[in-house]
Amino acid sequence: MLTVRDLDLYYGDAQALDRVSLEVPKGAIVAIVGANGAGKSSLIRTIAGIEVPRSGSITFNGEPIAGLSSHVICDRGIGQVAEGRQVFPSLTVLENLEMGAMIPRARKEAKRRLEEVFALFARLKERRSQLAGTMSGGEQQMLAIGRCLMGAPELIMFDEPSLGLAPLVVQEVLRTIHLLNGRGMTILLVEQNVAVSLKISSRAYVLENGRIVMSGTGGELLHNDRVRQAYLGL
Ligand SMILES: Nc1ncnc2c1ncn2[C@@H]1O[C@H](COP(=O)(O)OP(=O)(O)O)[C@@H](O)[C@H]1O
Ligand SMILES: [Mg+2]
């Protein structure tokens, strides 16, 4: 569904991604793991059209998307739940959700999709009139996911969805990702929480200093000595 080939990204003279290649098959959960500063967010932001790669290709559903604007990429069906739960704090829960449906592909079925999001997150329905900025961290993460779903994505990229959340809330977020995947959503998951993301992914890539240094099934990497030493402290 998504194919990235030899992607190079620079910030000025500093190279952030170095010939990154990866595949996300339809229906899969693919994880990108790596330490802080490895380039995970840069990769997500490049696929989303926020950063412009120097070279390489990105193909989604058979069509090249590198260099398109983020709005257009969203409208092709790639949704993103950005790092740090980027909700609009001074808008209500409902207004935040409506913002998610402001791309052409999502407008027609927005009403039905809102009911689906409310069915998935009862808390958002209860709090529909509350200002998003006054919600807890976990609730804001649910709202960010709900807003992304309002855009009718075929693929969702999650950038560190568990960062800064209490353990119970982390479990809930991961359950939600699993549930969405069970309903057919394709997922690209970026996490510093290596153990957890390897457990739920069908395939994973290890990113170090902007380079993919290893890939395999989640299970293979969980049992790989290098991964265990470097990322799991075992
Ligand atoms: N907007 C930016 N301008 C310049 N350098 C950046 C910018 N964003 C990230 N970087 C640098 O790129 C590298 C990768 O960062 P990032 O993609 O955020 O890593 P990760 O998400 O894995 O922590 C880091 O060295 C970071 O300092
Ligand atoms: Mg990051």
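Using the working numbering, read the sequence shown as starting at 893 and increasing by one per residue. Yeah, the Cβ is synthetic: ideal placement off N, Cα and C, and Gly gets one too.
Just to confirm, is the Cβ distance from residue i to residue j under 8 Å?
i     : j     : result
Q972  : A920  : no
E1083 : E1052 : yes
L1080 : L1114 : no
L983  : M1042 : no
G1102 : A908  : yes
E943  : S949  : no
K1017 : F1010 : yes
What's the call for residue i, buried or exposed, on a 16-neighbour Cβ count within 10 Å?
i     : result
S1093 : buried
R1067 : exposed
R999  : exposed
Y903  : exposed
N928  : exposed
G992  : buried
P917  : exposed
P923  : The residue you asked about is not Pro; residue 923 is Ala in the sequence shown. With 16 or more other Cβ atoms within 10 Å, it is buried.
L1126 : exposed
T1078 : buried
Along the beta strand (DSSP E) that carries residue i, what are the first and last residues, could you check?
i     : result
D900  : 894-903
L1090 : Note, L1090: premise wrong, no beta strand (DSSP E); alpha helix (DSSP H) at 1086-1092.
F1050 : 1047-1051
I1079 : 1078-1083
V1104 : In the sequence as presented, Val is not what sits at residue 1104; that position holds Ile. Where I1104 is concerned, the enclosing beta strand (DSSP E) stretches over 1103-1108.
I921  : 921-925
Closest to residue i by CA distance: which of the options is it?
i     : options                    : result
F1050 : C1040, G1056, A1058        : C1040
L1071 : F1013, M1027, N1085        : F1013
R997  : A974, R937, H963, T895     : H963
D905  : R946, S913, A1024          : R946
A1087 : V1119, I1069, P981, P1045  : V1119
A1058 : G1030, N1073, M1077, G1074 : G1030
I965  : Q1032, V1098, R1019, E1046 : E1046
S1054 : K1017, R1020, M1106, M1034 : M1034
V985  : Q1121, E1008, R1020        : R1020
Note the first and the last residue of the continuous alpha helix (DSSP H) segment covering residue i.
i     : result
T1068 : 1059-1074
Practice task
Write down every uninterrupted run of the beta strand (DSSP E) in the segment 946-993 whose length is 3 residues or greater and which is fully enclosed by it, in chain order.
Solution key: Entirely contained in the segment 946-993, the beta strand (DSSP E) runs reaching 3 residues are, in chain order, 947-952, 970-973.
Practice task
Mind listing, in chain order, the continuous beta strand (DSSP E) runs of no fewer than 3 residues lying wholly within the segment 998-1059?
Solution key: You should have 1047-1051.
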